[in-house]
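Notes for the one structure printed next.
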Amino acid sequence: MCGIVGGIANANIAPLLLEGLKRLEYRGYDSSGLIVLSKNNKLLRQRAIGKVCNLENKLKTNKIEGKIGLAHTRWATHGEPSDKNAHPHISKNSISVVHNGIIENYVSLKKSQIQQGYQFSSETDTEVIAHAIDFFTLSSNSLLEAVQKTLKTLKGSYGLGVISSNHPNKLIAARKGSPLLIGIGDNGNYIASDQMALLSVTKKFIFLEEEDIVELDLKKITIYNSEGTIVERPIKISNLMEGKFDLGTYDHFMQKEIFEQPQAIRDTLESRITKDRVVISAFGYKAKEDFQKINQVQIVACGSSYHAALVAKYWLEDIAKISCNVEVASEYRYRRPIILDKTLFVAISQSGETADILEALKIAKKINKKIITLCISNSAESSITRISDLVFLTNAGPEVGVASTKAFTTQLVGLALLTCALGVIKKSIDKSQEKNIVNGLKRLPGLIDETLLQENQIQKLSTKFIDKNSALFLGRGAMYAIAMEGALKLKEISYIHAEAFPAGELKHGPIALIDNNMPVIAVAPNDELLSKLKSNLQEVKSRGSQMIVFEDKDSKVMPMKGMEIIPITSNLGRITAPIIFTIPLQLLSYHVALIKGTDIDKPRNLAKSVTVE
Ligand code: M6R
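The sequence shown begins at 3 in my numbering and counts up one residue at a time.
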């Protein structure tokens, strides 16, 4: 989604801003822009549609220099992707603004600003912020005051950076519902929506709290809360490693992240299990006490994180014997759900910044103050970790590819640990079952390594999708959620329409779709539903479909003409099977996308972290 980088330094800041934008590219965007204040206090701006390299090319031919500036990658919400809609926006040649989020009352603000004589040069909601700051400048003693007055008039969400030619040594930034941080460098002070943008200049960060406003100059950082009181926020040293953002020997981040899964899972398990026990305090020091108080679980999430939640529903009910509901956050936030006392409310989000999930969590807390909230996130300093009672970090390391891979499998590991912890506390699993689960989790890195060895075979199969427009994914039980995840991966990066069905549902309608042009991909672990799945596969095959079946070596699906069977591994259990069967589906969609020549790490229209509704 949109990205912000800005700063004030003792040398030309334009190269640093451009580098910051390149580091934000992974978030997804469709235009970019950069502005600086020149030596003689003129705002100099360049904007470009498409990739940041287009902006870079423009900057090569039209060099701009200045010690204070702002830059932005825009993911279009209001107004099409175009040069004129790209940020930064300017009012009256003096105020410039970059903005993440959505201003919900921009239509009425725009109407009154037009009456005041302001001219609009874009279709964005953001431009009203620039004009409002200009308007309040007349009645304010400082740029800070003008921004404070402006923010009081805005409805919606913002991460904001502001500079002004009338205040050449000040940069103002603010956040509400959209992440923003300050980077403290040796030669300047900076702002960004994501640490990654600034890692080349600093590892020292201050994470702004909701509704904070900050005034930066070269030497000083002053933070105000929403009441205008000066507040202190802690400085944190980032442990993100620069090297984590290099491709190394891989062609794509998605490929790298698929192959990083054994290590990501080791890191997620590190200090969360002992020889044969789950460490319950991995969920927070009060987790043991809190888990004792709950007797049902509600999970909200989006996309892949939602699929992880669906798997967890099977685990929590089958293994821990705790009732569990799962819902997509974008729907949940607009219902009036009944939330019973003694509910553990779990929000799963890789980024920890997905607007729908944050809102669902806040609404749940409003509806029932007694619930205990837990987030499962891959981002330690994210908004979700700040508003949850309990936090479980997946420790997968930065995930750059838009299509979630290692974040998904490590979420499943976190949810397996949660199932085990709740099962132990509720006494629905005994010590030997706990030991079995822990041993299964310890086997995962090795099992994934073994599964990754199937890559060549899966690559060959991917050629079957060259001329296909649609595909069906089948699974049963928890594997239905894995089929959904496989379908989402294929859609996201190869742009092939894909749908998942619980195999038993086919004959209730979707089987009408089956013909020779509709490849069907099935996942067949050796579990209690295998014989049912085998019958469903027969039904599909006898209607002429091309099939690919990923099976447990012991599943022994009967080979048929037009059916490719790829044995994965064997001896998988209820916890290990969904995680392991995810791997071939990731590899399949990766190789199909490779053949199709799509932008695998930054697929069209998608953003890594969806920070607007
Ligand atoms: O950061 P989150 O886990 O909250 O993101 C949720 C979804 O936006 C995300 O899983 C999305 O569906 C991925 N692109 C899936 O590959």
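Beta carbons are placed, not taken as given, at the ideal position from N, Cα and C, and that holds for glycine.
Kindly give me the distance between the Cβ atoms of Ser-385 and Thr-396, rounded to whole angstroms, as I take these residues to be in contact under 8 Å.
About 16 Å; that fails the 8 Å criterion.
At what residues does the alpha helix (DSSP H) containing Arg-445 begin and finish?
433-454
Taking the alpha carbon of Ser-234 as the point to measure from, which residue in Val-216, Met-198, Ser-240 has its own alpha carbon closest?
With the sequence shown as reference, residue 234 is identified as Glu, and Ser is not the correct amino acid for it. It is Val-216 whose Cα lies nearest to the Cα of Glu-234.
If Leu-360 and Gln-298 are in contact, beta carbons under 8 Å, what's the gap, nearest whole angstrom?
Not confirmed; about 22 Å, so no contact.
Count the other CB atoms within 10 Å of the CB of Ile-232; is the residue buried (16 or more) or exposed (fewer)?
exposed
The beta strand (DSSP E) spanning Val-38 covers which residue range?
33-39
Please classify Ile-237 as buried or exposed, where buried requires at least 16 neighbouring CB atoms within 10 angstroms.
exposed
Can you grab the Cα-Cα spacing for the pair Asp-188 / Leu-200, in whole Å?
12 Å
Can you list, in chain order, the stretches of the beta strand (DSSP E) that have 3 or more residues and sit fully within the segment 170-210?
183-186, 190-194, 206-209
Reducing DSSP to helix, strand and coil, say where Tyr-160 ends up.
strand
Inspect the CB distances between the segment 248-262 and the segment 390-407 and report whether three or more fall short of 8 Å.
yes
Distance between beta carbons of His-101 and Tyr-160, contact taken as under 8 Å
6 Å
Quick check on Tyr-226: does DSSP put it in helix, strand or coil?
strand
Which residue spans inside the segment 36-87 form an unbroken beta strand (DSSP E) run of at least 3?
45-51, 70-76
Could you tell me whether the segment 336-353 touches the segment 517-529, using the rule of 3 or more Cβ pairs below 8 Å?
no
Distance, Cα to Cα, Gly-286 vs Asn-573?
33 Å
Can you tell me where the beta strand (DSSP E) with Pro-504 in it begins and where it stops?
499-504
Does DSSP put Gly-416 in a helix, a strand or coil?
helix
Would you say the beta carbon of Gln-115 is closer than 8 Å to some non-hydrogen atom of ligand 1?
no
So, does the segment 264-284 touch the segment 310-319, judging by three or more C-beta pairs under 8 Å?
no
Here's a check: name, in chain order, each residue in its chain whose Cβ is nearer than 6 Å to the Cβ of Leu-278, leaving out the five neighbours to either side.
The sequence given here places Asp at residue 278; Leu does not occur at that position. Only Lys-437, Val-440 meet the Cβ criterion.
How should Leu-140 be labelled, buried or exposed, when 16 other C-beta atoms within 10 angstroms of its C-beta is the threshold for buried?
exposed
Let's see if you can read the secondary structure: which residues bound the beta strand (DSSP E) around Glu-329?
325-330
Is DSSP giving His-89 helix, strand or coil here?
coil
Quick check on the DSSP output: what are the complete alpha helix (DSSP H) runs of length 4 or more inside the segment 340-373, in order along the chain?
357-369
In whole angstroms, give me the CA-to-CA distance for Arg-274 and Lys-172.
46 Å
Measuring alpha carbon to alpha carbon, tell me which residue in Thr-79, Ile-70, Asn-43, Gly-22 is nearest Cys-55.
Gly-22
Tell me, please, whether the segment 130-147 touches the segment 67-84 by the rule of three or more beta-carbon pairs shorter than 8 Å.
no
Should Ala-284 be counted as a contact of ligand 1 given a C-beta to heavy atom distance under 8 Å?
no
Ala-303: CB within 8 Å of a non-hydrogen atom of ligand 1
yes
Quick one: does the C-beta of Gln-263 sit closer than 8 Å to a heavy atom of ligand 3?
Absence of ligand 3 is noted for the structure shown, with ligand 1 being the only ligands found.
Gln-352 beta carbon near ligand 1 (any heavy atom closer than 8 Å):
yes
When the Cα atoms are used, what is the spatial distance from Asn-528 to Ser-557?
5 Å
Going by C-alpha to C-alpha distance, which of Ile-484, Glu-147, Cys-326 sits closest to Ala-579?
Ile-484
DSSP beta-bridge partners for Thr-375?
Phe-347
When every heavy atom of ligand 1 is checked, does at least one fall within less than 8 Å of the C-beta of Leu-455?
no
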